Every structure is written in C-alpha cells, then in structure tokens.
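Chemist: Numbering (the working numbering), first residue to last: 141 to 356. Every residue, glycine too, gets a C-beta built ideally from N, C-alpha and C. Predicted, not measured: the structure shown is a model, and the values here were computed from it. Got a structure for you, written out below as structure tokens; questions coming shortly.
The following block contains the structure:
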C-alpha cells in the first residue's frame, strides 16, 4: 500500500484531506503540521507522495516543494491551496511540484491526481533499471538550424551514456563538452559558413547565423 504524507498547518483541513487520501488504494496516511516537521517525517518514513498546502507559516508549500526536490527528487509532491489559479499552478510546477489541486476540487479530483502521479513516479523509477539493460542503441536526430537545440541534444546523449557502463562522470562530462564543440563547429562553419570574420565573437557568429538562416 502506498504511504502518503499530508502537510497542512490547519488541523481540520489536514484531517479532511487525510480522510480523502486514505480512500485511494487504502493508503497509509501520515500527517505533518508544517514544512520542517514534514522534512523530518520524509527522512524517517520515505512516503510515496507528499500533499502539501501552499500557505503555511515559516516554510510555505513552494519552499517545501523546492526542499523536497533538492533532497528527495524521487518523491513527487502535490500542491494544494484554497486560492486556485493558473498562475499558482504554473509557479508550483516550475518549482518542482508534480501536480496541483485546488482544495475546492479535492473531493472530485484527489484520487485521480494521486493515481496519475503515482503511476508516473513509478515509471520514472523503473525506467533507469530498464535503461541499464541496454546493450546497444542507435539514435538518429535531424536538428533544425537552432543553436539552442545543440545543448539539449548533448544533454540527451550524455544521459544515454549514464545508463551504460561507459566511463565515469568526468569522462561523460568531457564527452559532452567535445560533442557540443563539434556540433557548434558544424552549426557555424558547416551550415552557415561563418568563416573569415576577423575577431568574431560568439554574439557575432550568432548574428551572422541568424541572418543567413532567415535567407534560407
């Protein structure tokens, strides 16, 4: 059975949320009145999911989300608040929350949200185990003329290397740097022929590449 941690400084809200949460898969539900207590309980009990209120004294819900993301990145957090808005939801997700539920919709949406978050988190934990079984792989990418895609592509490929017994992190980092340099060289000098510009800075090269890209 999953273990959930409900964090809310208002005791009546905490009990109500715990009562709703326990219905989902007959969960074990722990309760904490504030963020500091929640972090201690997470260390002791390692819950599967944390549900936290937004507005709490000393450490609010967003600060707790960030702390959990930094210390326990594998534990998903669902943020709850009485002030439901798209802006708050966007901030919560940016800070690292897995999902967001307005308190007024808890009775209708909490079980569904818990199920979605639980399945996604479980898949994320299983995926690295599967990736470590890879013996060989082939990836073919066609990148548009966008320099920003280069760094993201290098990050993707380095993550592939992390899933294979190929060197240590320093070697992977060096491989990533070398790969990025090679791709940037192809971008500037192969795609856009940025050559022979005296004293060219990266900004100058970007400007030339952007101008020539718009002509194509």
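Using 10 angstroms around the beta-carbon of residue 339, count the other beta-carbons present and answer buried if the total reaches 16, otherwise exposed.
Modeler: Because residue 339 sits at a pLDDT of 48, beneath the cut-off of 50, its placement in the model cannot be relied upon, and the following sentence gives the value as read from the coordinates. Per the 10 Å Cβ criterion, exposed.
Chemist: Taking 9 Å as the threshold (C-beta atoms), are residue 302 and residue 312 in contact?
Modeler: Cβ atoms of residue 312 and residue 302: closer than 9 Å.
Chemist: Any contact between the segment 143-155 and the segment 180-193? By contact I mean 3 or more CB pairs, one from each, below 8 Å.
Modeler: In short, these stretches touch, since the Cβ pair count reaches three.
Chemist: Compute the Euclidean distance between the alpha carbons of residue 204 and residue 175, then round it to the nearest angstrom.
Modeler: Cα to Cα, residue 204 sits roughly 6 Å from residue 175.
Chemist: Please list, in chain order, all residues of the same chain as residue 231 whose beta carbon is under 8 Å from its beta carbon, the five residues on each side excluded.
Modeler: Contacts found: 202.
Chemist: If the criterion is Cβ atoms closer than 9 Å, does the pair residue 222 and residue 243 meet it?
Modeler: Cβ atoms of residue 222 and residue 243: closer than 9 Å.
Chemist: If you draw a straight line from the C-alpha of residue 322 to the C-alpha of residue 194, how long is it?
Modeler: Each residue's Cα considered, the two are about 46 Å apart.
Chemist: For residue 283, tell me which candidate among 324, 198, 264 has the shortest Cα-Cα distance.
Modeler: Of 324, 198, 264, the residue nearest in Cα terms is 324.
Chemist: In whole angstroms, give me the CA-to-CA distance for residue 357 and residue 240.
Modeler: This structure gives no information on residue 357, because the portion of the chain shown stretches from 141 to 356.
Chemist: Give me the DSSP bridge partner(s) of residue 144.
Modeler: For residue 144, which the question treats as bridged, DSSP gives the partners 169, 189.
Chemist: From this set, 281, 157, 211, 178, which residue's C-alpha is nearest residue 248's C-alpha?
Modeler: Here the closest residue by C-alpha is 157.
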